[in-house]
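These notes are about the structure you will find just below.
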Amino acid sequence: MRHNVKGRKLGRTTEHRQAMFRNQLASLVESGRIRTTLMKAKELRPIAEKIVTKGKRGTVDARRQVRRWLAQRELVKKLFDEVAPRFQERNGGYLRILKLGPRPGDGAEMAFLEWVDYQLAGTDKKAKAEKPTKGKGKAAAAEGEEAEGEEKPAKKTAKPAAKAPKKPPTKPTGRGQAPTKPPAAAKKRSTQRKAGSE
5 MRHNVKGRKL GRTTEHRQAM FRNQLASLVE SGRIRTTLMK AKELRPIAEK
55 IVTKGKRGTV DARRQVRRWL AQRELVKKLF DEVAPRFQER NGGYLRILKL
105 GPRPGDGAEM AFLEWVDYQL AGTDKKAKAE KPTKGKGKAA AAEGEEAEGE
155 EKPAKKTAKP AAKAPKKPPT KPTGRGQAPT KPPAAAKKRS TQRKAGSE
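Numbering (my numbering), first residue to last: 5 to 202.
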């Protein structure tokens, strides 16, 4: 029986496994989200949550302990100044694992490991609040534009001036052939040849 033996070896030696976790922690602090296998994510989460708890303490000793896992000073600074203060009111549970399904090559279960307050770029709550929603929001936005009144006519006058004259369409040609001219130009050419031969 394997009493008091915890953790997965992940097919690596201890040094290799710890080096891999250090790299993954650096990527997690830097970008806020990493994509890895489910087993690695489950092993990395407790380590990451412990360094965030140390980051909440903010002492010099805590910084030295975090430096064992994060080699770059910039990432330690980011952890203590940006990441840890976001979870000041939280007692653990700073990360979540989102399952992605099997990997196409070998069928390994994949997952995202990310901070619980992580948001994709371009999906800010402020941006959603500014955009009008369906129904009443559009009507309110239209009323707001009518009240301003000055911007709408300026936009309409600018559009017609920007239009360029359209060129006559050409017929699609086969590969490596020159585009054919419109029929009117072909008629002119044929009449010029006749006049030249006479």
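Cβ coordinates follow ideal geometry from the N, Cα and C atoms, glycine included.
Bear in mind the structure is a predicted one, so any value in this text is a computation, not a measurement.
Boundaries (first-last residue) of the beta strand (DSSP E) holding residue i
i            : result
methionine 5 : Premise fails: methionine 5 is in no beta strand (DSSP E) and is neither H nor E.
proline 106  : 99-106
leucine 117  : 113-119
Residue nearest to residue i in terms of C-alpha spacing, selected from the options
i             : options                           : result
tryptophan 73 : Thr127, Asn27 and Glu118          : Asn27
threonine 41  : Gly62, Ile55, Gly109 and Glu34    : Gly109
leucine 32    : Arg67, Lys82 and Glu19            : Lys82
leucine 117   : Gln123, Thr127 and Ile101         : Ile101
tyrosine 122  : Ala23, Gly36 and His20            : Gly36
methionine 43 : Gly126, Thr127, Lys103 and Val120 : Lys103
arginine 205  : Arg39, Gly111 and Arg61           : With the chain running from 5 to 202 in the structure shown, residue 205 is simply not present.
leucine 14    : Phe84, Ala45 and Asn95            : Ala45
alanine 30    : Ile55, His20 and Arg6             : Ile55
arginine 49   : Ile38, Leu99 and Asp85            : Leu99
arginine 21   : Arg39, Met5 and Ile51             : Ile51
Extent of the continuous alpha helix (DSSP H) run through residue i
i           : result
leucine 124 : Premise fails: leucine 124 is in no alpha helix (DSSP H) and is neither H nor E.
Sequence-distant residues of its chain with Cβ nearer than 7 Å to residue i (five each side left out)
i           : result
valine 9    : none
valine 80   : Arg67, Val70, Arg71 and Leu74
arginine 12 : Met43 and Glu47
Cβ neighbour criterion (16 or more within 10 Å) applied to residue i
i             : result
alanine 143   : Summary for alanine 143: the model assigns pLDDT 48, below 50, so the residue's position carries little reliability, and this model does not support an answer.
lysine 58     : buried
leucine 124   : exposed
alanine 23    : exposed
valine 87     : buried
alanine 115   : buried
glutamate 150 : For glutamate 150, the predicted structure reports a pLDDT of 49, less than 50, and the residue's modelled location is therefore unreliable. A value from the coordinates is still provided. Per the 10 Å Cβ criterion, exposed.
The ligand MG heavy atom lying under 8 Å from the CB of residue i
i            : result
threonine 57 : Looking at this structure, you won't find the ligand MG or any other ligand, since it has none at all.
Same chain, Cβ closer than 8 Å to residue i, five either side skipped, listed in chain order
i            : result
glycine 97   : Glu53 and Val120
proline 106  : Ala112, Glu113 and Met114
aspartate 85 : none
Close beta carbons around residue i, own chain, < 6 Å, minus the five adjacent residues each side
i            : result
threonine 18 : none
Exercise. Going along the chain, which unbroken runs of the alpha helix (DSSP H) with 4 or more residues stay wholly within the region 6-78?
Worked result: 18-35, 42-61 and 64-70
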